[in-house]
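Enquirer: Can you keep this structure in mind? I'll have questions shortly.
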Amino acid sequence: MRLLIVEDEPAIAEVVVAYAAREGYETLWAADGEAAMSHWKSEGADLVVLDLMLPKLSGLEVCRRIRARSSVPIVMLTARGSEDDVVAGLDAGADDYVGKPFSPRVLMARIRAHLRPARESREAVGSGGLVRVGGRIEVDPQRVEIRKDGSAVPVTRSEFLVFSTLASRPVRTWSRDDIIRVALGDDYEGFDRTVDTYVKNLRRKLAEPGHENGWIRTVYGFGYRIDDADPEERS
1 MRLLIVEDEP AIAEVVVAYA AREGYETLWA ADGEAAMSHW KSEGADLVVL
51 DLMLPKLSGL EVCRRIRARS SVPIVMLTAR GSEDDVVAGL DAGADDYVGK
101 PFSPRVLMAR IRAHLRPARE SREAVGSGGL VRVGGRIEVD PQRVEIRKDG
151 SAVPVTRSEF LVFSTLASRP VRTWSRDDII RVALGDDYEG FDRTVDTYVK
201 NLRRKLAEPG HENGWIRTVY GFGYRIDDAD PEERS
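Here the sequence shown is numbered in our numbering, starting from 1 and rising by one per residue.
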């Protein structure tokens, strides 16, 4: 598998490339945003490790451009690990983040998790079969895909895992901690706002008349649940 490493600090890039090579990954390195897009367009990648702060073209813009063309996993590197940086990256389409300074072993573990076949997705929805929400939304764990009226909705892998977790038990209200634990794993180190960002993005992508909330209801003071009630029943 091929990794695109986008990092403007050569020392950090060299460490990441070395650890990736030990794990058997092919790597491409880009030191700025424009080079990253050039590599992406000409050679592609199975996963992108993307620094937030880049010369020539920002990491956020690179993330948006790649995400507009592909659902490839994107792991963002942030210098400070602040909530604002993380939320901005997730809003741009990143799947995950690692704050600097970071352990190369932790980064490799995150990469393995995102490249692993969708075992977590299938477990999250129980038997691994198709799950329907409200008659119009389908969650397909085998293809790691959400479809609306038969057409695939462009979601990130993490967004898929969050929605499939909610859909696996639609009568349950899920706390943010439970969503992180079941959908993203016990070793995920996200903020509560990380879950809120995934939900916001899902709502934007799945919203329709009568279900402007994207089929996800907020239970204030607790978390989220699937909202598959008829609009008239909620009025």
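Just so you know, even glycine gets a beta-carbon here, dropped at the ideal spot from N, CA and C.
#1: Considering only the beta carbon of each residue, do M108 and E9 sit closer than 7 Å?
#2: According to DSSP, is W29 part of a helix, a strand, or is it coil?
#3: My understanding is that L47 touches L115, with C-beta atoms under 8 Å, so please give their C-beta distance in whole angstroms.
#4: Under three-state DSSP, which class holds A207?
#5: At the level of alpha carbons, what is the spacing between V17 and D227?
#6: How would you call E159, buried or exposed, if buried means at least 16 neighbouring beta carbons within 10 angstroms?
#7: With a CB to CB cut of under 7 Å and the five nearest residues on each side skipped, what residues in its chain are close to V98?
#8: Pick helix, strand or coil for L54, following the three-state DSSP scheme.
#9: Taking only the alpha-carbon atoms, compute the straight-line gap between A152 and S164 and give it to the nearest angstrom.
#10: Compare the beta carbon distance of R204 and I216 with 7 Å and say whether it is the shorter of the two.
Expert: For this structure:
#1: no
#2: strand
#3: 6 Å
#4: coil
#5: 44 Å
#6: buried
#7: V75, L77, V106, L107, R110
#8: coil
#9: 14 Å
#10: no
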